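All remarks here apply to the structure that follows.
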Amino acid sequence: MNTKITAFINKIHPFAWQIICMTASIIVFSLILTNRSPNILRPVSMALRLGFGIVIPLAALLMYTVYRISGRFGTLLAFITTMSLFALGLAGLWASGKTHSILLNGLIPVSDATNYYIDALRILHGMNISSFSGMRPFFPGFLSFLLWLSDRNLMVALGILTAVAGISSYLASREIQKTHGAGAAVCFLLWIFLYFRHHSGTTMSESLGLSIGLLGTALIWRGISAKKELNALFGIMLIALALNIRPGAMFVLPALLLWGGFAFRGRKNFPAVFFITGAILILVVFYLNNIMIKALAGPGGIAFSNFSWALYGLVSGGNSWTYIFEAHPELNLLPGAEATPTIYRLAIELFFQEPSLLMKGALHYWNQFFSSTWYNAYSFVAGENYFMNEAARWGMYFLGGMGIIKWLKNRKDPYTSLALFTALGVLASVPFVPPTDAYRVRLYAATIPFFCLLPAMGVSYLCDQLRVRFAFKTTQDIQAEFPTSAFSIALVTILIAAPLIIKATAKSPIIAANTCPSGMDNIVVQFDEGTSINVLRENIIFMDWMPNFHISTFRRNAHDLADSRLIEKIKSITPPASLFYTLDFRSNREALVIIKTDLLPEPGSLLNLCGRWEDSPNLVNYRLFQVDAP
Numbered sequence: 007m008n009t010k011i012t013a014f015i016n017k018i019h020p021f022a023w024q025i026i027c028m029t030a031s032i033i034v035f036s037l038i039l040t041n042r043s044p045n046i047l048r049p050v051s052m053a054l055r056l057g058f059g060i061v062i063p064l065a066a067l068l069m070y071t072v073y074r075i076s077g078r079f080g081t082l083l084a085f086i087t088t089m090s091l092f093a094l095g096l097a098g099l100w101a102s103g104k105t106h107s108i109l110l111n112g113l114i115p116v117s118d119a120t121n122y123y124i125d126a127l128r129i130l131h132g133m134n135i136s137s138f139s140g141m142r143p144f145f146p147g148f149l150s151f152l153l154w155l156s157d158r159n160l161m162v163a164l165g166i167l168t169a170v171a172g173i174s175s176y177l178a179s180r181e182i183q184k185t186h187g188a189g190a191a192v193c194f195l196l197w198i199f200l201y202f203r204h205h206s207g208t209t210m211s212e213s214l215g216l217s218i219g220l221l222g223t224a225l226i227w228r229g230i231s232a233k234k235e236l237n238a239l240f241g242i243m244l245i246a247l248a249l250n251i252r253p254g255a256m257f258v259l260p261a262l263l264l265w266g267g268f269a270f271r272g273r274k275n276f277p278a279v280f281f282i283t284g285a286i287l288i289l290v291v292f293y294l295n296n297i298m299i300k301a302l303a304g305p306g307g308i309a310f311s312n313f314s315w316a317l318y319g320l321v322s323g324g325n326s327w328t329y330i331f332e333a334h335p336e337l338n339l340l341p342g343a344e345a346t347p348t349i350y351r352l353a354i355e356l357f358f359q360e361p362s363l364l365m366k367g368a369l370h371y372w373n374q375f376f377s378s379t380w381y382n383a384y385s386f387v388a389g390e391n392y393f394m395n396e397a398a399r400w401g402m403y404f405l406g407g408m409g410i411i412k413w414l415k416n417r418k419d420p421y422t423s424l425a426l427f428t429a430l431g432v433l434a435s436v437p438f439v440p441p442t443d444a445y446r447v448r449l450y451a452a453t454i455p456f457f458c459l460l461p462a463m464g465v466s467y468l469c470d471q472l473r474v475r476f477a478f479k480t481t482q483d484i485q486a487e488f489p490t491s492a493f494s495i496a497l498v499t500i501l502i503a504a505p506l507i508i509k510a511t512a513k514s515p516i517i518a519a520n521t522c523p524s525g526m527d528n529i530v531v532q533f534d535e536g537t538s539i540n541v542l543r544e545n546i547i548f549m550d551w552m553p554n555f556h557i558s559t560f561r562r563n564a565h566d567l568a569d570s571r572l573i574e575k576i577k578s579i580t581p582p583a584s585l586f587y588t589l590d591f592r593s594n595r596e597a598l599v600i601i602k603t604d605l606l607p608e609p610g611s612l613l614n615l616c617g618r619w620e621d622s623p624n625l626v627n628y629r630l631f632q633v634d635a636p
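The number in our numbering is simply the position in the sequence shown, starting from 1, with 6 added.
Written as structure tokens, this is what we have:
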């Protein structure tokens, strides 16, 4: 690089340079998502979204090479490359139209994802959210802010959500690199990416819970390296926030308090100040969660109400979270406010009747956590090949074991102690967060960084023991001032303030009278850009890419839905047709609108639509609305 340019760059304040790098990386991130290159972008993005055996090792090699580049130019390249990785993962979803249990054709939310999205729309119009989102209001609140910011463009909102995850992953990885080198940092980063790519592009709380958890991890790590308790305490507070956004392995919180008490004890044996301060901050976060519930869901909202379902499954011997409704179908008739305490009472009664079932359930969940199924702890570090998946799983166990050996050789090491304490916190939580209740440890999103810390310490230990030397010199001059604290404070402020302001200042649209012909149903919805997919005839020549897909691609993708009856219904759609989920203002409920593409109006329009609700008992919960006339 030109000497004058280098001298000029070096004069920029370190924090300002990080902001410049972040800005540049976001620009590149946006360009990747808006580009439609069929020769390079499409195959690379789809491989990073869906592949594993070849593409991930190549990505690791590239990331390692970039992370080893020293100086400010290296910082810029590392940030851009990290954000590009996450952008390509989302671009691959939009290029493939991948479908799974909570997502139809790469965009349309299904099941739980629908609830979060519709509740975000409710906040935009000043309405109370449902009891479902009321259990964890931070995510629909944040999603409402992203939709407000993007003029209700769902694709843009999902892009921003992915960018937040990319930035958080970069900040956490660079903190690890400062203390343990590029090898451990890049492994950590790739494992996080492998987990996140299954949730990127969905309106689920896992993506935000992971991002906040990563920021908390980065701040705790910095607290150790800088010997600043405040950073570590702020990090623990963020972990508590992440666990309120996506409830999961709650025993990580006491594990962090115990670890911090010893890690920052100084000359004292155990400073109560750190433990008590951390506990107060955690309680503050839970109190804020309750405030958000009352503000966004109303007085009927109950935090973590579905934990009672999982608890009953545990004390009944390791059954599914839905088992309580099979054993006591009468609970379906009770409102949530009454059902939750009733389920807790039934769980306690069952425990005292047959206490041995609790241990049976716990052992079953631990067995699944270390099994070869999609429920195992490292099921996200996998592809489609069974033998490769097994090699990856046992490889992660081996690296975790090396991390434990590293701790045994130096029990005073605060970094390895953090990895071990939090791993034990996760293990203690497994019986109460059944891995069988969701694939690929989805319920553990907020604490996934701690799944990756112990193996990362194993990588560091192996590099030290084998005295590995690479072609690139060791990076010693990584910029110390990452904008982690500023970014975290800004994000937390938005999480709390933005949805409250949006809801308080929002106005509901004026609903016109029903003008539909007799015998037809009527809905009033708003159509927005970036919320729909278009299903077109096979004889039209174009490349399948969001939002336009050939009918054959659409029908093939539909086979990955979890409900076979919904699959058959979706396959019956005839092109040209468009689909989008939205809020029906007339009923204040969701509607999956199926409409002829040429009937779509300009984005931002309020539509008074006539048609028919799907009345099949097996499909009524999906709220499908077939439009017959505008």
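Quick reminder that beta carbons are idealized off the backbone N, C-alpha and C, glycines included. These figures come from a predicted structure and were not determined experimentally.
For residue 521, the three-state secondary structure derived from DSSP is coil. Per the DSSP secondary-structure output, residue 632 pairs in a beta bridge with 600, 618. Only residues of its own chain outside the window of five on either side were considered, and among them 92, 96, 206 have a CB closer than 6 Å to the CB of residue 168, listed in chain order. Comparing alpha carbon positions, the residue from 629, 155, 315 closest to residue 351 is 315. Ranking 542, 324, 568 by CA distance to the CA of residue 558 puts 542 first. Taking a 10 Å sphere around the C-beta of residue 595, we find fewer than 16 other C-beta atoms and assign the residue as exposed.
Distance check between residue 223 and each of 364, 140, 428 places 428 closest, using alpha-carbon atoms only.
Proximity to residue 48 across 83, 88, 102 peaks at 102, based on C-alpha coordinates. Inclusion of residue 534 and residue 582 in the CB contact set at 9 Å is not warranted, their separation being larger than that value.
Judged by DSSP in its simplified three-state form, residue 268 adopts helix.
Of the residues 313, 393, 251, the one whose Cα lies closest to the Cα of residue 298 is 251.
A Cβ-Cβ contact shorter than 9 Å links residue 303 with residue 143. Distance from the CA of residue 300 to the CA of residue 317, rounded to the nearest whole angstrom, comes to 25 Å. Contact between the segment 252-262 and the segment 417-434 is established, with three or more Cβ pairs separated by less than 8 Å. Membership of residue 162 in the alpha helix (DSSP H) is indicated by the continuous run 160-202. Leaving aside the five residues that flank residue 151 on each side, the residues in its chain whose CB is nearer than 7 Å to its CB run, in chain order, 500, 504, 505, 508. Comparing alpha carbon positions, the residue from 185, 210, 248, 471 closest to residue 233 is 185. The bridge partners DSSP lists for residue 588 are 597. When DSSP states are grouped into helix, strand and coil, residue 63 belongs to the helix group.
Assignment of alpha helix (DSSP H) within the segment 407-459, counting only whole runs of 4 or more residues, yields 420-435 in chain order.
The DSSP assignment places 211-232, 235-251 as complete runs of the alpha helix (DSSP H) inside the segment 210-264, in order along the chain (cut-off: 4 residues).
If you ignore the 5 residues before and after residue 178, its C-beta comes within less than 6 Å of the C-beta of 220, 223, 224, all in its own chain and listed in chain order. Residue 562 is positioned such that its CB atom lies no closer than 9 Å to that of residue 622. The DSSP-derived three-state label of residue 125 is helix. Shown here, residue 288 sits in a helix according to DSSP, grouped into three states. Looking at the DSSP output, residue 533 sits in a beta bridge with 611.
In the structure shown, the three-state DSSP call for residue 606 is coil. DSSP places residue 555 inside the beta strand (DSSP E), whose first and last residues are 554-556. Per the Cβ contact rule, the segment 409-422 is in contact with the segment 454-463 (3 or more Cβ pairs under 8 Å).
Per DSSP, residue 315 has no beta-bridge partner at all. Counting only the Cα atoms, residue 246 lies some 15 Å from residue 265. Between the alpha carbons of residue 63 and residue 371 lies a gap of roughly 31 Å. In this structure, DSSP gives residue 305 a state outside helix and strand, which the three-state scheme calls coil. Taking the Cα positions, residue 227 is about 12 Å away from residue 191. Nearest neighbour of residue 36 by Cα position, chosen from 172, 324, 384, 279, turns out to be 172. In the DSSP annotation of this structure, the continuous segment of the beta strand (DSSP E) that includes residue 542 starts and ends at 539-542.
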